[in-house]
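One structure below.
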Amino acid sequence: MSVGAGRGRVLEVLQPYIDDLTWRKERGARRAAADIGAAVMLGLYECREDTDENMLLVRMGLPGAADDLARTVYDKVRPLHLSLPPLADECPEWAWYEESWMP
212 MSVGAGRGRV LEVLQPYIDD LTWRKERGAR RAAADIGAAV MLGLYECRED TDENMLLVRM
272 GLPGAADDLA RTVYDKVRPL HLSLPPLADE CPEWAWYEES WMP
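So the number in our numbering is just where the residue sits in the sequence shown, counting from 1, plus 211.
This is the structure:
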């Protein structure tokens, strides 16, 4: 499977979570939406260290594949103007995340 096809497949898996947090934000459940966004980001970060050869992200090239997917998810969530928590302690390699949500 190509990297592009793998990326598309992973984004298909993540899309229901993005749809759910969008739905919750539109109905005023901003905190719940932000919690879902943070959980997706943390889940992708945890994948950075996975070494299971059967895992799609490993075949796509870690940690870069997880980092690129996290940026894509963040780009989809950012326009919702949710108050996402800082993740510096949990995701120290993602300085881009910290810099992108700071006012």
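Glycine included, C-beta positions come from ideal geometry on N, C-alpha and C. Just so we're clear, the structure is a prediction, and the values are computed from it rather than from any experiment.
Beta-carbon spacing of residue i, residue j below 8 Å
i	j	result
residue 261	residue 247	no
residue 293	residue 244	yes
residue 225	residue 284	yes
Own chain, CB closer than 8 Å to residue i, minus 5 neighbours either side, in chain order
i	result
residue 281	252, 255, 256, 305, 308
Environment of residue i [buried if 16+ CB atoms lie within 10 Å]
i	result
residue 276	buried
residue 238	exposed
residue 221	buried
residue 242	exposed
residue 278	buried
Close-in-space but distant-in-sequence residues of the same chain around residue i (CB under 7 Å, 5 per side omitted)
i	result
residue 236	244, 291, 293
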